[in-house]
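J.: Dropping the structure in here first, questions after.
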Amino acid sequence: MVRMMIELPEGVLAALRKDPKSFAEEMRLAAAVKWYELGIVSQGRAAEIAGLPRRQFIDALSRLSVSPFQYTAEEILREAEGE
């Protein structure tokens, strides 16, 4: 596993009411969800980035109002129609 170090302005953790560990976990989840939403990573890879089992990652997507599907309704309909 790669270990990274980031610098944050003073008071960020206090303002967010987070300890360093929970902040890091939340930041990993936020990045994974956004990268998944943008189609940069697969659902499985995003779950791995977030440090969660896939089922928990899908639950997190729901909590954050992000669809677990990477296809739009129009794409699904076109595919179903054989286009």
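Going by this note's numbering, the first residue of the sequence shown is number 1048, and it counts up by one from there. The beta carbon of each residue, even a glycine, is placed where N, CA and C say it ideally should be.
Checking 8 Å against the spacing of the C-beta atoms, do residue 1079 and residue 1096 come in under that value?
T.: For residue 1079 and residue 1096, yes; Cβs fall inside 8 Å.
J.: Is it a yes or a no for the stretch 1052-1067 touching the stretch 1088-1105, going by three-plus beta-carbon pairs under 8 Å?
T.: In short, these stretches do not touch, since the Cβ pair count stays below three.
J.: Quick check on this structure: which residue in 1104, 1121, 1124 has the alpha carbon closest to the alpha carbon of residue 1115?
T.: Cα-wise, what sits closest to residue 1115 is 1104.
J.: DSSP state of residue 1004, grouped into three classes?
T.: This structure does not reach residue 1004, given that the chain is present from 1048 up to 1130, and the question cannot be answered.
J.: Is the beta carbon of residue 1107 closer than 8 Å to that of residue 1076?
T.: The answer is yes: Cβ separation under 8 Å.
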